[in-house]
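Visitor: Quick note: the sequence shown, position 116, residue 117 per the working numbering, numbers continuous.
In this text, a Cβ means the ideal position worked out from N, Cα and C, and glycines have one as well.
Submitted below is the structure of interest, expressed as structure tokens.
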Amino acid sequence: MLFGRKDRNPIRIADKQVKEWKYTTCGYCSTGCSINVGLDEDGNAVATQGVADADVNRGKLCIKGIFEHELFKAAGRGDNPLIRSKPYEEDFKETDWDSALDHMGAEIQRIQQEHGKDSFAIISTGQLLTEEFYTLGKLARGCIGSNNYDGNTTLCMASAVSGYKRSFGSDGPPGCYDDFEHTECLIAWGSNLPEQHPIIYWRLKEALEKRKFPLIVVDPRVTMLAQFADMHLPITPGTDLVLMNSLMHVILAEGLEDREYINAHTKGIEEVEACVKDYDPITASKICGIDEDTIRNVARLYAKAGAAMSIWTMGINQSTHGSDGVVGINSLNLITGNIGKPGGTSLSITGQCNAMGTREWSSCSGLPGYRALEKPEHRKEIAEFWGIDEEFFPKKRGLTETDIFPAIETGQIKGLWLVATNPMTSMPNTARIRKTLEKLDFLVIQDAYADVETTQYAHMFLPAAVWAEKEGCFTNTERRVNIVRQVVKPKGNTKPDFWIFKELAKRFPNGQKIHFPETPEGAFEEMKQLSKGDKRTLDISGMTHDLIEKSRGIQWPYREDDHQDDAVAKGNPRLYSDGVFQTPDGKANLIPLPFINNNEVPDDDYPFWMNSGRVVEHFHTRTRTGKLGNLNKFSPTPYMEMNPDAARELGVAHQSYVRLVSRRGDAVVMVQLTQRVPRNMVFIPFHFHDCVNRVSLGLLDPHSRQPAFKQCAVRIEKVDQQLAGELNAERRTY
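Below you can see the structure in the form of structure tokens.
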């Protein structure tokens with residue numbers, strides 16, 4: 002293998018000689034793969050390989066990771082700060098960093114003085130390094146002071162966060178990848194690992210080959226994972242909660258629950274028992290589309306397994322019942338005693354590379370280290386640590402991302418700062434978002450790429466360094482903190498986000514009072530101090546950057562007392578193994594969850610369900626992967642999966658174009674005929690601009706405020722093929 006060579010001879014890869022390998026962590030999904038980037042004699046990145054002794058990926062990489070080194074020289078990168086007074090009417094002009102940050106600081110303060118402190122909003126990302134998140138949180142909460150500060154993780158992980166907090170009293174996935182090695186039954190709810198998280202799927206597949214156990218996939222579409230499963234439950238979209246309640250109905254009615262665990266470690270069982278009585282398998286089957294015998298069979302398999310686990314991704318989270326769905330999964334595991342033990346867990350499969358880092362340290366939903374604005378003791382603690390007046394903090398969380406945009410519509414918010422996020426592709430109902438962005442007095446885009454779609458509405462563009470042009474940590478799906486080392490220097494005049502945040506802070510009065518460390522490692526030391534505490538699960542006080550690299554990642558909690566200078570640190574693989582939860586009384590909450598059907602469902606005018614999801618070649622809005630030929634060539638254009646029988650009825654041919662229409666808008670898309678979707682459903686990858694989110698509904702979950710991307714109703718119209726191709730090309734031209 003390439004990794005681990007001790008000689009100094011160059012390694013030839015595709016006619017390029019690798020003279021040096023540099024360790025870092027992949028910057029795409031949340032799997033958290035350790036990688037080595039190969040540099041040639043001129044210091045150019047020419048190859049990427051998996052790290053063999055890293056527990057997460059064990060030398061493996063997906064197609065995105067294999068070509069990740071090409072990002073450093075990808076097209077569309079920014080170089081210098083850009084500024085203009087009026088989008089559309091003026092072209093951008095280059096400026097220097099001091100002038101740009103002076104202007105940005107002055108504009109933010111002007112808007113706040115004229116319209117109130119919360120009239121300027123900030124939306125960040127799950128793509129930054131954790132030390133950058135901490136520094137942005139310090140800037141946003143301690144210097145700028147707007148309460149309208151959130152991350153784009155509201156679009157992907159907010160329901161998981163909300164559900165964990167409601168059930169366990171705190172965010173944080175309780176399990177790990179090692180649970181695949183110990184489980185005796187696994188249900189995947191709306192999760193298509195082979196395309197979403199290929200390396201996690203490989204870990205699951207390896208476990209299945211060693212020790213056979215039932216794999217059950219709940220998904221309305223025949224995904225790749227469903228094809229490999231023992232049982233596929235093609236559920237009616239948006240009704241997962243009905244199936245969960247029915248599974249619990251069977252388990253409780255047949256006495257299959259772990260009553261000893263329930264009595265010792267949970268509260269609320271009586272209320273849950275009363276609720277699920279209404280969800281007998283016969284009644285539930287008529288709502289969720291899964292037959293009654295299958296419901297009983299799955300319930301018995303899960304409850305009788307010595308250890309059982311559930312995983313889920315956006316199929317649960319991106320729903321009007323997303324938070325309830327997560328609580329339902331947690332409750333299913335709690336009543337069967339499957340929390341905190343090997344093979345027994347409810348494990349959310351996180352989306353972005355550092356969505357966990359923003360949840361932990363960005364202060365988007367509160368204050369750093371899972372602290373809440375609503376708690377006076379937390380406000381006092383952080384104010385004293387940062388050296389500011391605690392009254393500067395708001396006393397409750399402000400607007401989420403999905404509520405910030407309507408507040409721009411109504412004039413409550415006049416200025417917006419977008420950090421590494423692209424709402425013109427990622428937000429539902431993009432026609433509405435377009436009009437919303439046009440109303441802003443001041444829009445700042447901070448991104449590695451100047452050509453992101455949202456930049457066309459911006460007054461200022463700040464060019465940021467990409468991924469391994471900087472240093473810091475990511476936290477993956479299983480709470481493993483891993484290190485990103487600087488592989489190459491930032492391109493041109495781009496700057497690390499960490500530098501941008503600490504320099505902008507100097508433009509605000511509190512920025513003169515608060516200490517901003519000069520290095521990411523200095524910020525990490527502050528985070529370590531704030532993580533300490535006997536009852537805190539999020540404790541990283543025993544970690545250092547060097548120890549993290551040596552260990553190929555460490556799972557929190559990893560406390561000072563755990564630290565051994567001469568050992569490779571592993572951390573703690575599971576939370577709540579002692580049965581003590583982060584609630585006031587230490588018991589997990591079992592919560593009754595009656596189903597309210599507020600989905601937009603097909604009707605005579607809009608007879609098809611529309612579903613959306615990922616393809617393996619692309620990541621999110623294709624800001625990066627769309628520029629890499631070895632990825633884009635496999636999935637270069639949007640397409641729609643459609644059932645051949647439904648297509649025949651409408652006279653739609655394979656690879657023809659159709660017009661997809663909802664109550665919100667339309668999109669022109671190429672058709673791919675396949676039996677992977679039922680006759681009344683279509684599926685479209687969400688990565689492409691001016692496509693799926695032109696028609697999506699995005700109705701919000703009441704707890705998490707996450708949009709329901711997965712369920713809406715559409716109709717399909719035949720169109721002139723030449724005109725459709727021209728229209729598609731025009732829409733994608735920027």
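1) Does residue 6 come out as helix, strand or coil in the three-state DSSP assignment?
2) Do residue 515 and residue 27 have their C-beta atoms closer together than 8 Å?
3) So who's on the other strand from residue 346, going by DSSP bridges?
4) How would you label residue 702, buried or exposed, when you count the other beta carbons within 10 angstroms and need 16 or more for buried?
5) Using 8 Å as the threshold, is the segment 282-299 in touch with the segment 362-378, meaning 3 or more CB pairs across them?
6) Do residue 249 and residue 332 come within 8 Å of each other at the CB atom, strictly closer than that value?
7) Quick one: Cα of residue 56 to Cα of residue 339, how far?
8) Keeping to the same chain, check which residues put their C-beta closer than 6 Å to that of residue 205; ignore five residues upstream and five downstream.
9) When you compare each of 115, 690 and 649 to residue 672 by their alpha carbons, which one comes out closest?
10) Alpha carbon to alpha carbon, how far is residue 349 from residue 642?
11) Suppose only complete runs of 4+ residues qualify. What are the alpha helix (DSSP H) ranges in the segment 660-706, listed by chain order?
12) Taking 6 Å as the limit between beta carbons, can you name the residues of its chain near residue 554, skipping five residues before and five after?
13) Can you name the start and end residues of the alpha helix (DSSP H) that residue 362 belongs to?
14) Please determine if the segment 159-170 and the segment 451-467 are in contact, where contact requires at least 3 C-beta pairs separated by less than 8 Å.
15) What is the DSSP secondary structure of residue 708, reduced to helix, strand or coil?
16) With C-beta atoms as the reference, is residue 617 less than 8 Å away from residue 196?
17) Taking the Cβ atom as the reference point for each residue, do residue 575 and residue 175 lie within a distance shorter than 8 Å?
18) Please state whether the Cβ-Cβ distance between residue 246 and residue 277 is less than 8 Å.
19) When the Cα atoms are used, what is the spatial distance from residue 384 to residue 527?
20) CA-CA distance, residue 73 and residue 548?
21) Within the continuous alpha helix (DSSP H) that includes residue 581, where are the two ends?
22) Using a threshold of 8 Å, state whether the C-beta atoms of residue 551 and residue 542 are closer than that.
23) Taking Cβ positions, are residue 667 and residue 696 nearer each other than 8 Å?
24) Note down the Cα distance separating residue 735 from residue 424, rounded to an integer number of angstroms.
25) Identify which residue in 62, 557 and 347 has its Cα closest to the Cα of residue 190.
26) Using CA coordinates, which residue listed in 490, 157 and 492 is at the minimum distance from residue 31?
27) Does DSSP put residue 421 in a helix, in a strand, or in coil?
28) For residue 44 and residue 184, what's the separation of their Cα atoms in angstroms?
29) Taking the DSSP output, what are the residues bridged to residue 444?
30) Taking the C-alpha atoms as reference points, what is the distance between residue 693 and residue 560?
31) Drop a sphere of 10 angstroms on the beta-carbon of residue 379, count the other beta-carbons inside from all chains shown, and report buried for 16 or more, exposed for fewer.
32) Taking just the CA atoms, how far does residue 717 sit from residue 606?
33) Nearest CA to the CA of residue 684: which residue from 658, 613 and 646?
34) So, under 8 Å CB-CB, residue 136 and residue 499 are touching, yes? Tell me the CB distance rounded to an integer number of Å.
35) What does a CB cutoff of less than 6 Å around residue 635 pick up in its chain, not counting 5 residues either side in sequence?
36) Considering Cα atoms alone, identify which of 303, 330, 638 and 297 is closest to residue 1.
Guide: Taking the coordinates as given:
1) Note that residue 6 scores 36 on pLDDT, short of 50, meaning its location in the model is unreliable and no value can be drawn from it.
2) no
3) 310
4) buried
5) no
6) yes
7) 24 Å
8) 181
9) 649
10) 27 Å
11) none
12) 481 and 483
13) 356-362
14) no
15) strand
16) yes
17) yes
18) yes
19) 14 Å
20) 27 Å
21) Premise fails: residue 581 is in no alpha helix (DSSP H) and is neither H nor E.
22) no
23) yes
24) At residue 735, the pLDDT of 40 sits below 50, so the modelled position is not reliable; the number obtained from the coordinates is stated separately. Going from the Cα of residue 735 to the Cα of residue 424 covers about 15 Å.
25) 347
26) 157
27) coil
28) 45 Å
29) 417
30) 45 Å
31) buried
32) 10 Å
33) 613
34) 6 Å
35) 618
36) Any question about residue 1 goes unanswered here, given that the chain covers just 2 to 735.
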